[in-house]
Structures are given as C-alpha cells and as structure tokens.
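Chemist: Please see the structure below; I have some questions.
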C-alpha cells in the first residue's frame, strides 16, 4: 500500500531496513545449519571442510551483540553453496524457517556491500514479526484511507478488537505457500488450515457481518516454486486436492504451469467454501 499510494519508502526508511535484512540472513543460515543435525534423518555437509563455517555460524553469529563482520558473509556464502545445506533447505517444511530465506541468501554478495541500499522488493520480502498495531494513512482520488496492520499470531489476535470499531473492510492476507508448514506456536497445526479456520471465524462473526472482506492470496510465487519442485505435494496435506478440477472459467498467464494453476484455484475455493451466508461482499486478490 505504501509503494502504491504513499510514494514508497524514503532513503532513511530504506537504510533502517538494512539491519532487519541482515538479521533475516543470519536467522536463516543459523536455522538451516542448526536443523541439519536435528532432522530425522539428519543431513550431512557435502564438504566436511565447511564444518568450521557451521561452527562459526552457530557459535559466533548467534551471539546477541553480533555486528556482521566480513567473515560472516564469507561463511554464509560458502555454506549456501554446499549441497548438504541446500538439501536441508529443501526440507524446510520440517522446521521453522522464514520464507524469505532463499531470496536473501541468494543475494548475500549484494547485501554485504557497504553501499547497499534495499530495493522495494527487498523491503517487501523482509520478514519482521508483527507485534502490536501499525497504522498507515494514504489518499486515493481525494479519499482518505486509514489502514491498520495487526499480527496474525494467536497471541496477537486479542488486540484486533481495538481495530474493528467503525472499519469498513478487513483485508485478510494468507500465504498460499504455507500449505506444507506448521505454526511456530503450535507444531501440530498446519498453517494454511489455521488460516482457513481463522477466516471462517471472522466471516461468521456476528459483529462483523456488515463489514466487507478482502481476501488476499499472497506468496503465490513461492507456491508455484513448491508445486513445480514436486517435493511437497499439496495432496499430501489436503487430500481433497486429488479430486479437485480447475474451474472452466479459470484465468492464467501464457505458459503458466497447469498444476500451479490448479493449486491456486484449489486454495481460493477452500476459502470460498468457508462462506455460508452472503452477508457482505468478498473480494479476492492474488499476488
């Protein structure tokens, strides 16, 4: 919304994001290398000579006051090229890993430069846990909008009621790529099913029946990557996908993978199934 309607981010705001982006890289490589020994079966390094880099990441880079020296990026780049580390990344649905891990690990050679300035795409990809309520104001065609961003974690939901008074619409954002992932706060619960349950509870809430709902199906690029890789099949987590047929009126980009299209529409329709009463409008936006 800020990029579209508030002239994007200032140079100062971009500079402030650098620390968050570096932290994303650090969290990602610490998590991946740490998971190599805890997964069942465990994952071995391709090159034993990289064990020193793993030790550095786990013992030095994990310190609270870490200041990102040049050797951190050297160790990170070396490990990210190791096929064992890549194999562990491919199993990231078995542990908690930020979904921007690959994006930023692929760009370490750029981000480590002293004159690095984040792009708008970098800022969009950067993962910062939302805690509390954040307000953004913007104007479209002389109409003022106030948007409140609230965290989706279970312990953040009790704060939502503060935002629902006098709102005209709820933008419900869900990550389509989360179909093979579990909640950080509850490893027994599938993330996409949790999102479906939450959407249903909001839709059926009698206090919200006069409020329009905008369903934003986010991270479809990551969904496409997973579907095309074929390592985490959607039907392994949602058996109903086996019987699902792509709607006749489905629209898609030229050359788009057929299975990716089917997966996108399946997830869309899973949310539509949650709607039992037409008491307000539903708008769907894919990204």
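Numbering (my numbering), first residue to last: 3 to 289. Built from N, CA and C at the ideal position, the CB exists for glycine as well.
In its own chain, which residues sit with a C-beta less than 7 Å from the C-beta of residue 230, not counting the 5 before and 5 after it?
Modeler: The residue labelled residue 230 in the question sits at position 228 within the chain shown. Counting only Cβ-Cβ distances below 7 Å, and skipping sequence neighbours, we find 259, 262.
Chemist: Give every residue of the same chain whose Cβ lies closer than 6 Å to the Cβ of residue 55, excluding the five residues on either side of it in the sequence, and list them in chain order.
Modeler: Against the chain shown, residue 55 aligns to sequence position 53. Excluding positions up to five away in sequence, the list reads 77, 80, 81.
Chemist: Does any residue of chain C have a CB that is nearer than 9 Å to the CB of residue 236?
Modeler: Here there is only one protein chain, and chain C is not present.
Chemist: So, using beta-carbon positions, are residue 171 and residue 125 closer together than 9 Å?
Modeler: Here residue 171 corresponds to residue number 169 of the chain shown, with the count starting at 1. Here residue 125 corresponds to residue number 123 of the chain shown, with the count starting at 1. Cβ distance not < 9 Å, so residue 171 and residue 125 don't count as in contact.
Chemist: Could you please give the first and the last residue of the uninterrupted beta strand (DSSP E) stretch that includes residue 214?
Modeler: Taking the chain shown and counting its residues from 1, the one referred to as residue 214 is at position 212. 214-220 is the extent of the beta strand (DSSP E) around residue 214.
Chemist: Residue 261 lies in the alpha helix (DSSP H); which residues open and close that run?
Modeler: The sequence position of residue 261 within the chain shown is 259, counting from 1. It spans 260-275 - the alpha helix (DSSP H) in which residue 261 sits, taken as one unbroken run.
Chemist: List the DSSP bridge partners of residue 176.
Modeler: Position 174 of the chain shown, counting from 1, holds the residue named residue 176. Partner(s): 219.
Chemist: Do residue 221 and residue 276 have their C-beta atoms closer together than 9 Å?
Modeler: The residue labelled residue 221 in the question sits at position 219 within the chain shown. The residue labelled residue 276 in the question sits at position 274 within the chain shown. Cβ atoms of residue 221 and residue 276: not closer than 9 Å.
Chemist: Since residue 171 sits in a beta bridge, which residues does DSSP pair it with?
Modeler: In the chain shown, residue 171 corresponds to position 169, counting from 1. Residue 171 is bridged to 214.
Chemist: Would you call the CB atoms of residue 102 and residue 37 closer than 9 Å?
Modeler: Within the chain shown, numbered from 1, the residue matching residue 102 stands at position 100. Within the chain shown, numbered from 1, the residue matching residue 37 stands at position 35. It is not a contact, given that the beta carbons lie outside the stated cut-off.
Chemist: Would DSSP call residue 282 helix, strand or coil?
Modeler: Along the chain shown, read from residue 1 onward, the residue named residue 282 stands at position 280. Confidence in residue 282 is poor, its pLDDT being 47 and thus under 50, which makes the residue's placement too unreliable to answer from.
Chemist: Starting from residue 26, trace the alpha helix (DSSP H) both ways and give me its first and last residue.
Modeler: Position 24 of the chain shown, counted from the first residue, corresponds to residue 26. Where residue 26 is concerned, the enclosing alpha helix (DSSP H) stretches over 13-37.
Chemist: Going by CA-CA distance only, name the one from 94, 26, 191 that's closest to residue 45.
Modeler: Locating residue 45 in the chain shown gives position 43, counting from the first residue. The candidate whose alpha carbon is nearest that of residue 45 is 94.
Chemist: Can you say whether residue 84 is buried or exposed, counting buried as having 16 or more other CB atoms within 10 angstroms of its CB?
Modeler: Walking along the chain shown from the start, residue 84 turns up at place 82. It is buried - the Cβ of residue 84 has at least 16 other Cβ atoms within 10 Å.
Chemist: With DSSP collapsed to three states, give me the class of residue 119.
Modeler: By one-based count along the chain shown, residue 119 stands at place 117. In this structure, residue 119 counts as coil in the three-state DSSP scheme.
Chemist: Taking the alpha-carbon positions, what's the residue 252 to residue 225 distance?
Modeler: Your numbering for residue 252 matches position 250 in the chain shown. Your numbering for residue 225 matches position 223 in the chain shown. Those two C-alpha atoms are separated by around 17 Å.
Chemist: Which complete alpha helix (DSSP H) runs does the segment 44-92 hold, if anything under 4 residues is left out?
Modeler: Listed in chain order, the complete alpha helix (DSSP H) runs (minimum 4 residues) inside the segment 44-92 are 53-61, 72-82, 85-92.
Chemist: Quick one, which of 71, 86, 49 has its alpha-carbon nearest residue 43's?
Modeler: Within the chain shown, numbered from 1, the residue matching residue 43 stands at position 41. Residue 43 has its Cα closest to that of 86, out of 71, 86, 49.
Chemist: Can you grab the Cα-Cα spacing for the pair residue 279 / residue 207, in whole Å?
Modeler: Here residue 279 refers to the residue found at position 277 of the chain shown. Here residue 207 refers to the residue found at position 205 of the chain shown. The predicted model places residue 279 with a pLDDT of 43, which falls under 50 and marks its position as unreliable; any figure quoted below should be read in that light. Those two C-alpha atoms are separated by around 11 Å.
Chemist: When you compare only the Cα positions, how much space is there between residue 61 and residue 187?
Modeler: Residue mapping note: residue 61 aligns to position 59 of the chain shown, counting from 1. Residue mapping note: residue 187 aligns to position 185 of the chain shown, counting from 1. Distance between the alpha carbons of residue 61 and residue 187: 25 Å.
Chemist: Our contact map puts residue 246 next to residue 273 with C-beta atoms below 8 Å; I'd like the distance itself, whole angstroms only.
Modeler: Stepping through the chain shown from its first residue, residue 246 is reached at position 244. Stepping through the chain shown from its first residue, residue 273 is reached at position 271. About 14 Å separates the two Cβ atoms, so there is no contact after all.
Chemist: Can you tell me whether residue 187 is helix, strand or coil according to DSSP?
Modeler: For the purposes of this step, residue 187 is taken as residue 185 along the chain shown, with counting starting at 1. Coil at residue 187, not helix or strand.
Chemist: Quick one: any contact between the segment 137-155 and the segment 20-31, if contact means 3 or more CB pairs under 8 Å?
Modeler: Cβ pair count under 8 Å is below three, so no.
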